[in-house]
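Colleague: I'd like to ask some things about the structure below.
Numbering (mature numbering (1 follows the signal peptide of the UniProt record, and there is no 0)), first residue to last: -19 to -1, 1 to 79.
This is the structure in structure tokens:
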């Protein structure tokens, strides 16, 4: 009787696995977003200046929530934090590139 219960469980498990229940969906490259068309794509840098754009959640510029960092000769910014949608920002550490 016990062997019959174990065999029933094995058959049920195999059936569920063959039916595809309980597994993760495979991720194909077609489902991956194109980074060039994403809404939150990296902000552009001119390449003629090195600077930080610091984003704040308050008008007094006391609560930093994110920042961009543009370097000389680079076309995209290095980003950190939750800068998208931050209502206040200012540029800091601006240097001309040679």
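Cβ coordinates follow ideal geometry from the N, Cα and C atoms, glycine included.
On a Cα-Cα basis, can you pick out the residue from 58, 54, 44 and 53 that is closest to residue 70?
Modeller: For residue 70, the nearest C-alpha among the options comes from 44.
Colleague: Using beta carbons (cut-off 8 Å, strictly below), is residue 47 in contact with chain C?
Modeller: The question asks about chain C, but that chain is absent: this structure has only one protein chain.
Colleague: Could you pull out every residue in the same chain whose Cβ sits closer than 8 Å to the Cβ of residue 78, ignoring the five residues on either side in sequence?
Modeller: Hits under 8 Å: 28, 29, 30, 31, 53 and 54.
Colleague: Which residues in the same chain have their Cβ closer than 7 Å to the Cβ of residue 67, if we skip the five residues on either side of it in sequence?
Modeller: The residues are 36, 37, 38, 46 and 47.
Colleague: Residue 64: buried (16+ other C-beta within 10 angstroms of its C-beta) or exposed?
Modeller: With 16 or more other Cβ atoms within 10 Å, it is buried.
Colleague: So is residue 49 buried or exposed if we call it buried at 16+ other beta carbons inside 10 Å?
Modeller: Label assigned to residue 49: buried.
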